[in-house]
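Scroll down for the structure; my scribbles are underneath it.
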Amino acid sequence: MFMPIACFGTLLALAPGSSGRIQATDEAPLLGPSFIANFDPTNSTAIEEAKAAFPVAINELFELGVLNKTDLIFSIDIFSAATNRSIYNYRHVGDGQEAAISKLITTYAILAHAGIGIFNDPITNYIPELRACNQSYNLLTHAGSGGAADSLPADRLPTRQEFLTYMRASKHPVMAPFHSSTYSDGGYGILTILLERLTGLEYPDAVQTILNQPLNLTDLVVGAPNGSDINVIDRRPIDSTSSWGLDIPVVAGSGGVYAHSADVRAIGLSILNSELLSPVTTRQWMRPLSGTGSLVELVGAPWEIQRLMLPTTGRSNRTRISDLYTKAGGNGDYTAIIGLSPDHGIGFSILVAGSSATSARWPIRDTVGEVFLPAAEAAAAENAARNIAGIYTSATEGNNITLTVNDNYAGLGIESFYYDGVNGVPLLAGADAGADANISFRLYPTGINSFSHSLATQYKTNGTFFVAHRAVAASYPLFPRAAADGGEGGLFDRSFAWSNVDFVGPVDEVIFELVNGRVEGLRITATNMDYRRVE
Numbered sequence: 003m004f005m006p007i008a009c010f011g012t013l014l015a016l017a018p019g020s021s022g023r024i025q026a027t028d029e030a031p032l033l034g035p036s037f038i039a040n041f042d043p044t045n046s047t048a049i050e051e052a053k054a055a056f057p058v059a060i061n062e063l064f065e066l067g068v069l070n071k072t073d074l075i076f077s078i079d080i081f082s083a084a085t086n087r088s089i090y091n092y093r094h095v096g097d098g099q100e101a102a103i104s105k106l107i108t109t110y111a112i113l114a115h116a117g118i119g120i121f122n123d124p125i126t127n128y129i130p131e132l133r134a135c136n137q138s139y140n141l142l143t144h145a146g147s148g149g150a151a152d153s154l155p156a157d158r159l160p161t162r163q164e165f166l167t168y169m170r171a172s173k174h175p176v177m178a179p180f181h182s183s184t185y186s187d188g189g190y191g192i193l194t195i196l197l198e199r200l201t202g203l204e205y206p207d208a209v210q211t212i213l214n215q216p217l218n219l220t221d222l223v224v225g226a227p228n229g230s231d232i233n234v235i236d237r238r239p240i241d242s243t244s245s246w247g248l249d250i251p252v253v254a255g256s257g258g259v260y261a262h263s264a265d266v267r268a269i270g271l272s273i274l275n276s277e278l279l280s281p282v283t284t285r286q287w288m289r290p291l292s293g294t295g296s297l298v299e300l301v302g303a304p305w306e307i308q309r310l311m312l313p314t315t316g317r318s319n320r321t322r323i324s325d326l327y328t329k330a331g332g333n334g335d336y337t338a339i340i341g342l343s344p345d346h347g348i349g350f351s352i353l354v355a356g357s358s359a360t361s362a363r364w365p366i367r368d369t370v371g372e373v374f375l376p377a378a379e380a381a382a383a384e385n386a387a388r389n390i391a392g393i394y395t396s397a398t399e400g401n402n403i404t405l406t407v408n409d410n411y412a413g414l415g416i417e418s419f420y421y422d423g424v425n426g427v428p429l430l431a432g433a434d435a436g437a438d439a440n441i442s443f444r445l446y447p448t449g450i451n452s453f454s455h456s457l458a459t460q461y462k463t464n465g466t467f468f469v470a471h472r473a474v475a476a477s478y479p480l481f482p483r484a485a486a487d488g489g490e491g492g493l494f495d496r497s498f499a500w501s502n503v504d505f506v507g508p509v510d511e512v513i514f515e516l517v518n519g520r521v522e523g524l525r526i527t528a529t530n531m532d533y534r535r536v537e
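The sequence shown maps to residues 3 to 537 in the numbering used here.
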């Protein structure tokens, strides 16, 4: 059973030329990817360099004593939604350990079965036993909380009814609804029962029906697997305090699911590719619901969202924001982490076994993130420079646009744009071509395409389809970025980048024609013209 969840530390990029100080781009970008991710990152220069750097970084952790080389067994899998395969694996000592990210499994199963709207319903609609919840605690003296520890049996596992009675009548309140984010294992015990009520199945059978069968998960099980032919790391013969098999069925959805890395990869890819959920549900699910006391850590359901500052290219120390969706789980000597980056279409799993597994997962996770996430951003910039940037001209003379990738900026730059022989940049702001304007634009993907609304098309590499971008304006001279962004400004942001998109209609729209991952043409809505690549 794997319950404890900890926090994700600040991720510092290990990129060439990077410095320890966070320094955001001068122009504030939109939140989301800088470039489309419709390419195979496997053999990009940045990813190849990350593959070479990762074992060196892990060995350094061993040499410094951060990780126990003799005690730990761990497996790391980096995977890509563009290929639906692993792009890198690292194993220390052995493979086959199983661990739990059960809360993610529980939430995913509920979403796949009932949709995201169910989380707006009162839980008592489905579990009426929770009605008349005890609200009469004296919070100053804790009167009424005495005996709460005795409300669950100490000599056996609690029944579902005993658990619900405890949660209704004895569990002391922690926070007012929507007041502040706190962690709750007991809450996922309730969601375990919710899934059972929704499906009419016990939790293991519900997971089997909703997730295992459609995703072909061969080794994901609820409760410790048993048998002589299974590939697992059972530490009980060498450690009498091992948490292996310490399963409590009533809270299985909080920490009772076991899985190999292949099944964790399949789950991660199915989320990135929106295989079981509608694309709209996936997008809504992969969004923050609340914050924490840290600017870089947000909370989802059940996501632990790390708001990272990634270098815009492999040669820059200027950064942009990118959200990483993680879920960590663990209890004692078995721990696990899954991480998904929708911006880049990559994910990772980390499975750890050993007496120091609880503490070891964090430096392992940090190293995975610090090596591969900046590499993924750099790979996207590499691809954009190779397959998107260039000169595009229309059939009418005097009409062309030049797109660039620039080291210290997010998104695609518009180096020049001519409409009937004069400066066409003001058209993107709704002004006349040739008008005086101290303004520049950068292009960002919108997630809208002609193929489908699925998230999977963000990572589709083959075929011909169209992808929409919007041009985000920056007026010069720029106001300095806020101090919290590493800028020279004060408390507040004054870029207003996100609020200016579509301000005067779709004149800021540019639509790319993507042919097997390469932009061969584009349409600028403001000119109603098509442009073809010439260079």
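Every residue gets a Cβ at the ideal spot worked out from N, C-alpha and C, and that includes glycine.
Boundaries of the alpha helix (DSSP H) in which residue i is found, first to last residue
{"i": "Arg534", "result": "Where Arg534 is concerned, there is no enclosing alpha helix (DSSP H), although the beta strand (DSSP E) it sits in stretches over Met531 to Arg535."}
{"i": "Thr201", "result": "Asp187 to Thr201"}
{"i": "Thr108", "result": "Ser104 to Ala116"}
{"i": "Pro281", "result": "Pro281 to Trp287"}
{"i": "Pro175", "result": "Careful: Pro175 lies outside any alpha helix (DSSP H) and carries neither H nor E."}
{"i": "Gly432", "result": "Counting along the chain, Gly432 falls outside any alpha helix (DSSP H), and DSSP gives it neither H nor E."}
{"i": "Ile273", "result": "Ser263 to Leu274"}
{"i": "Arg158", "result": "Careful: Arg158 lies outside any alpha helix (DSSP H) and carries neither H nor E."}
{"i": "Tyr205", "result": "Tyr205 to Val209"}
Extent of the continuous beta strand (DSSP E) to which residue i belongs
{"i": "Thr337", "result": "Tyr336 to Ser343"}
{"i": "Asn91", "result": "Arg87 to His94"}
{"i": "Ser477", "result": "Thr466 to Ser477"}
{"i": "Leu405", "result": "Asn402 to Thr406"}
{"i": "Pro313", "result": "Glu306 to Pro313"}
{"i": "Tyr421", "result": "Leu414 to Tyr421"}
Per DSSP, the bridge partner or partners of residue i
{"i": "Val354", "result": "Phe76 and Thr337"}
{"i": "Gly371", "result": "Looking at the DSSP assignment, Gly371 forms no beta bridge with any residue, so it has no partner."}
{"i": "Ser442", "result": "Ala476"}
{"i": "Glu515", "result": "Phe468 and Gly523"}
{"i": "Gly293", "result": "Leu300"}
{"i": "Leu132", "result": "Leu132 pairs with nothing; no bridge assigned."}
{"i": "Gln25", "result": "Arg320"}
{"i": "Gly488", "result": "DSSP, once it has assigned bridges, lists no residue as partnering Gly488."}
{"i": "Tyr327", "result": "Ile307 and Leu342"}
{"i": "Thr395", "result": "Asn402 and Arg534"}
Residue i versus the options, residue with shortest Cα-Cα distance
{"i": "Asp123", "options": "Ala39, Ala387, Tyr168 and Leu200", "result": "Leu200"}
{"i": "Met531", "options": "Ile513, Ile60 and Arg520", "result": "Ile513"}
{"i": "Ser272", "options": "Pro447, Phe180 and Asn218", "result": "Asn218"}
{"i": "Ala473", "options": "Tyr461, Ser501 and Pro482", "result": "Ser501"}
{"i": "Val373", "options": "Gly349, Arg534 and Asn385", "result": "Gly349"}
{"i": "Thr44", "options": "Gly523, Phe443, Asn385 and Gly295", "result": "Asn385"}
{"i": "Asp495", "options": "Asp504, Pro482 and Val506", "result": "Pro482"}
{"i": "Tyr461", "options": "Asn127, Leu106 and Leu274", "result": "Leu274"}
{"i": "Arg388", "options": "Val509, Asn408 and Ala59", "result": "Asn408"}
{"i": "Thr161", "options": "Ala178, Ile192, Thr72 and Asp368", "result": "Ile192"}
{"i": "Tyr394", "options": "Tyr110, Lys53 and Arg535", "result": "Arg535"}
{"i": "Ala437", "options": "Thr220, Val223, Asn425 and Leu278", "result": "Asn425"}
{"i": "Phe453", "options": "Arg444, Tyr446 and Gly465", "result": "Gly465"}
{"i": "Ile352", "options": "Phe76, Asp504, Ile307 and Ile250", "result": "Phe76"}
{"i": "Leu480", "options": "Ala55, Ser497, Glu417 and Gly488", "result": "Ser497"}
Supposed close pair residue i, residue j - CB separation, criterion 8 Å
{"i": "Phe467", "j": "Leu516", "result": "6 Å"}
{"i": "Thr337", "j": "Thr27", "result": "The pair is not a contact, with the Cβ atoms about 35 Å apart (cut-off 8 Å)."}
{"i": "Asn333", "j": "Gly432", "result": "Incorrect: roughly 58 Å between the Cβ atoms, too far for contact."}
{"i": "Asn40", "j": "Thr463", "result": "6 Å"}
{"i": "Arg309", "j": "Leu291", "result": "Contact doesn't hold; Cβ gap of about 14 Å is too wide."}
{"i": "Pro365", "j": "Leu312", "result": "Not a contact, Cβ separation roughly 20 Å."}
{"i": "Ile129", "j": "Leu166", "result": "7 Å"}
{"i": "Ile339", "j": "Arg317", "result": "With 8 Å as the limit, Ile339 and Arg317 do not qualify as a contact, their Cβ atoms being about 30 Å apart."}
{"i": "Leu197", "j": "Ile112", "result": "5 Å"}
Residue i - DSSP class collapsed to helix/strand/coil
{"i": "Glu51", "result": "helix"}
{"i": "Ile390", "result": "coil"}
{"i": "Leu69", "result": "coil"}
{"i": "Arg496", "result": "coil"}
{"i": "Pro31", "result": "coil"}
{"i": "Gly539", "result": "Residue 539 cannot be examined here, being either before or after the span of the chain that is shown, 3 to 537."}
{"i": "Asn451", "result": "strand"}
{"i": "Phe64", "result": "helix"}
{"i": "Asn218", "result": "coil"}
{"i": "Asn127", "result": "helix"}
{"i": "Ser46", "result": "coil"}
{"i": "Ser557", "result": "Past the edges of the chain, shown from 3 to 537, lies residue 557, and the structure says nothing about it."}
{"i": "Val224", "result": "strand"}
{"i": "Val252", "result": "helix"}
{"i": "Ile120", "result": "helix"}
{"i": "Leu141", "result": "With a pLDDT of 37 at Leu141, under the threshold of 50, the modelled position of that residue is not reliable, and no figure is offered here."}
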